[in-house]
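What follows is one structure encoded as structure tokens, with my remarks underneath.
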Amino acid sequence: MAELGAFGKILISLGILMIIIGGLFIIGGKLPFVGRLPGDIVVQKKNFSFYFPITTCIIISIMFSLIMWLLRRR
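First residue of the sequence shown: 13, per the working numbering; consecutive thereafter.
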């Protein structure tokens with residue numbers, strides 16, 4: 013029975029995480045600086061465009077790592 017309780021907690025945690033990520037996707041389009049930072053790669057040709065937000069990815073990764081580090085310190 014203990015395994016089912018742990019599995020339930022994992023599912024609830026994953027659900028909350030998905031809600032948070034979904035909210036970030038909704039809000040992310042409205043923030044002017046997300047995806048348009050210096051260092052983000054943008055290539056636009058006549059009928060081709062390539063976009064890779066490398067700086068944005070690095071900043072999000074640092075923020076996520078900091079949050080996870082703070083949560084593990086408990």
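Quick reminder that beta carbons are idealized off the backbone N, C-alpha and C, glycines included.
- Beta-bridge annotation (DSSP): Phe64 is paired with Ile53.
- Lys58 sits in coil when the DSSP states are folded into three classes, being neither helix nor strand.
- Taking C-beta separations shorter than 7 Å and ignoring five residues to either side along the sequence, Ile70 has no partners in its chain.
- Counting only residues of its own chain and dropping the five nearest sequence neighbours on each side, Ile66 has a CB closer than 7 Å to the CB of Gly51, Asp52, Ile53.
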